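Colleague:
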Amino acid sequence: RKQIKLILRIIDSFLRDLLLLQEGMGPDTLVNADLAGALESWQATNPAADPARAADLVGQTGRALGANANFDHTTARMLLGLRAFLGGHRITDGVFRDGEGLL
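First residue of the sequence shown: 6, per the numbering used here; consecutive thereafter.
Listed below in structure tokens is the structure:
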């Protein structure tokens, strides 16, 4: 719990890198350039992934925790959402709100 802000920033940096790769940017633009090969390989095997929605969910999680939301529920929701968005699974509308909506 004490390191959640750092953990969210790390996850966000990986999602940013995935977005850059998805947009055709080169490995030299990545924050985690040392992991460019692994990120490119992962992206090739998960073409339906949506790192933008995953990043939005990480942001929602940070805001919710900052507003004193239940830690266990909030982090579990984020992990389930990351699995869905990054795995390219179909998600029913309204399950994960877009934009500034909190939990």
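Cβ atoms here follow ideal geometry from the backbone N, Cα and C, with glycine treated the same way. In this text the structure is predicted, and so the values were computed from the model without any measurement.
#1: Please classify ARG82 as buried or exposed, where buried requires at least 16 neighbouring CB atoms within 10 angstroms.
#2: Just to confirm, are GLN48 and GLN65 a CB contact at a threshold of 8 Å?
#3: Since ALA60 contacts ASP17 with CB under 8 Å, what's their CB separation in whole angstroms?
#4: Please return the same chain residues whose Cβ sits closer than 6 Å to the Cβ of GLY67, not counting the five positions on each side in sequence.
#5: For the alpha helix (DSSP H) that ASP17 lies in, which residues bound it at each end?
#6: Let's see if you can read the secondary structure: which residues bound the alpha helix (DSSP H) around LEU84?
#7: Determine, using beta carbons only, whether LEU24 and ALA57 come nearer to each other than 8 Å.
#8: Please report how far the alpha carbon of LEU91 lies from the alpha carbon of THR50, in whole angstroms.
#9: Chain B beta carbons: is any one of them nearer than 8 Å to that of ASP33?
#10: So, using beta-carbon positions, are LEU62 and GLY31 closer together than 8 Å?
Modeller: Taking the definition as stated:
#1: Per the 10 Å Cβ criterion, buried.
#2: Their beta carbons are not under 8 Å apart, which means GLN48 does not touch GLN65 by this criterion.
#3: Confirmed, about 6 Å.
#4: Taking C-beta separations shorter than 6 Å and ignoring five residues to either side along the sequence, the partners of GLY67 in its chain run LEU13, following chain order.
#5: Residue range 9-27 is occupied by the alpha helix (DSSP H) that includes ASP17.
#6: Looking at the DSSP string, the run of the alpha helix (DSSP H) that includes LEU84 is 76-92.
#7: The Cβ atoms of LEU24 and ALA57 sit closer than 8 Å to each other.
#8: If you take the alpha carbons of LEU91 and THR50, they lie about 11 Å apart.
#9: Structure shown: chain B not included; a single protein chain is present.
#10: No.
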